[in-house]
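Participant: Okay, handing you the structure first.
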Amino acid sequence: MTLKLYNSLTRQKELFTPQDPERITMYVCGPTVYNFSHIGNARPAVVFDLLARLLRHLYGAEHLVYARNITDIEDKIIKAAQAEGVPISAITDKYADIYRADMGALGVLPPDIEPHATDTVDTMITFMERLIAAGHAYEAEGHVLFHVPSFKEYGVLSRRDQDEMEAGARVEVAPYKKNPFDFVLWKPSTAEQPGWESPWGRGRPGWHIECSAMIEKHLGETIDIHGGGIDLQFPHHENEVAQSTCAHGGKALARFWMHNGFVNIEKEKMSKSLGNVLLVHELLKEAPGEAIRLALLNGHYRQPLDWTGEGLKQAKRMLDRLYGALRALADVEAAETGLPDGVLAALEDDLNTPKALAELFALAKEANTAATPADKARVKGQLLAAGQIIGLLQQDPEAWFEQAGGSAHIDAEEVERLIAARIDARKAKDFAEADRLRDALTEMGVAIEDGPDGTKWRVAG
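Next up, the structure:
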């Protein structure tokens, strides 16, 4: 195997070799389910879905154990539930289902394991008891806090010096802390808040302890790959490193840490204050999920991605080209070719999707010029195999051209009627009427293509 991955811990690409090729373990931080997911949330889901597909290809699907969690206890969830006057499960179940559906529309396959934080509280309590016994955590006023100075390597992942650090997001500053950087593992719950009984009173877990406990419970003390967005590197992942390393006698939590870059919107940071938060649920009304997936994979996963409306339109046009090549081979039976070497080499080079997509489009070009039945069968097989691992070309080409672009507003029967009328006009040599009908189709957002097999149509864009 020649898979190389960039390790955020060492800041370099390294040859990936699993601890146990029979059981490769990967954990990716999933959603906090209190609202719809935005396009920034979708990027890690798509990126690590691609990595999971690649690992299954290289090592066999049965040898990967991929866990992506659901955070279903958190203060924002509690606030949302109180605002609606419902139990937190009403909020978390609703938005977890929407998340799964939205990500599924982007071609994201379900993880092998989907642990929920609320199902892992017993493990979290045991985890904290070990940290307290080892002198790495302490109880104060019903809270349990991790004592950052007890772990001399704190900051190793994010390359932050303890003397220079500022408190990160979600880190509470309170007088009962021994050190301002100490972070909460357990907090007390009021009677109105969800809570569990513990040695420190009724309460609920802090955010950071949840992932460490879920990893320990389902994957083990040291896993092969831990992934997530770059925004999680500090403090969330840094805190995971600290608490897990200390709870496991110095063992590393993960051998490879991988982080995808931010998603910006039209060159601006995505934020509620700017009003530019793009929800996947809404984008799916504008464009097919495959186009959104392709737009997310157009740039290298480690680099920031500038999301634009034009970029999404371009992704749709790119898929038109790919599906067009497959449609031209509709009557050809695909050969069992396996994954093309160029695509595999690109993905094995730290998921170089721009290069992999270039290889995919080279195949489409070859498909358009293939002359012999053997060449057509081979290139069709290669296109489908490459599309399968990238998560593209999963539809019938005709279905793509009828539905691409969020075309639910287009009346397919009316399109077919206008095309038939245009064909009749051309046969009658009434070219003015034929042009009028073409213009009418264009106004509907439909592009037509005349060829030896008749007139095909697709959504323009």
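For the sequence shown, the residue numbers in my numbering are 9 to 469. Beta carbons are placed, not taken as given, at the ideal position from N, Cα and C, and that holds for glycine. Being a predicted model, the structure only gives us computed values, none of them experimental.
Would you list the residues sitting across from E276 in a DSSP beta bridge?
Facilitator: I273
Participant: Below 8 Å on the Cβ atoms is my guess for L139 versus C254; work out the distance and round it to an integer in Å.
Facilitator: 6 Å
Participant: Between which residues of its own chain and T230 is the CB-CB distance below 8 Å, once the five residues before and five after are set aside?
Facilitator: Q27, H256, K259, A260, L261, A262, R263
Participant: Should L371 and Q390 be called a contact, given that it needs their Cβ atoms to be closer than 8 Å?
Facilitator: yes
Participant: Got a sec? Which residues, its chain only, sit under 8 Å from N336 by beta carbon, not counting five neighbours each side?
Facilitator: It should be noted that the sequence gives Ala, not Asn, for residue 336. Closer than 8 Å at the Cβ level, and outside the excluded window around A336, lie A375, N376.
Participant: Taking the alpha carbon of R329 as the point to measure from, which residue in Y309, A366, E294, Q311 has its own alpha carbon closest?
Facilitator: A366
Participant: Between H308, P188, D383, which lies nearest to K363 when the distance is taken from Cα to Cα?
Facilitator: H308
Participant: Alpha carbon to alpha carbon, what distance is there between Q20 and K251?
Facilitator: The amino acid occupying residue 251 in the given sequence is Gln; Lys does not appear at that position. So the alpha carbons of these two residues sit roughly 24 Å apart.
Participant: Under a Cβ-count criterion, where at least 16 other Cβ atoms within 10 Å of its own Cβ denotes burial, should A69 be classed as buried or exposed?
Facilitator: By the 16-neighbour rule on beta-carbons within 10 angstroms, A69 is exposed.
Participant: In whole angstroms, give me the CA-to-CA distance for D110 and R76.
Facilitator: 15 Å
Participant: Who are Q251's beta bridge partners in DSSP?
Facilitator: Beta-bridge partners of Q251 (DSSP): none assigned.
Participant: Hey, how far is the Cα of V387 from the Cα of K324?
Facilitator: 22 Å
Participant: By Cβ distance, which residues of its chain are closer than 6 Å to I427, with the 5 residues on each side in sequence left out?
Facilitator: T463
Participant: What does a CB cutoff of less than 8 Å around Q170 pick up in its chain, not counting 5 residues either side in sequence?
Facilitator: V156, P157, Y162, G163, F189
Participant: Within this structure, are the beta carbons of Y14 and M326 separated by less than 8 Å?
Facilitator: no
Participant: Using the C-alpha atoms, what's the distance from Q402 back to A416?
Facilitator: Low per-residue confidence applies at A416: pLDDT is 45, beneath 50, and the placement is therefore not dependable, though the value from the model is reported in the following sentence. If you draw a straight line from the Cα of A416 to the Cα of Q402, it comes to about 19 Å.
Participant: Which residue marks the beginning of the alpha helix (DSSP H) containing V387, and which one marks its end?
Facilitator: 381-398
Participant: Using the rule of at least 16 other Cβ atoms within 10 Å of the residue's Cβ for burial, across every protein chain shown, is G283 buried or exposed?
Facilitator: Its Cβ having fewer than 16 others within 10 Å, G283 is exposed.
Participant: In angstroms, rounded to a whole number, what distance separates the CA positions of E274 and D105?
Facilitator: 29 Å
Participant: On the DSSP bridge list, what partners appear for I231?
Facilitator: A262
Participant: Report buried or exposed for V152, applying the criterion of at least 16 other Cβ atoms within 10 angstroms of its Cβ.
Facilitator: buried
Participant: From which residue to which residue does the beta strand (DSSP E) around V152 run?
Facilitator: 151-154
Participant: Tell me which residue opens and which closes the beta strand (DSSP E) that V36 is part of.
Facilitator: 32-36
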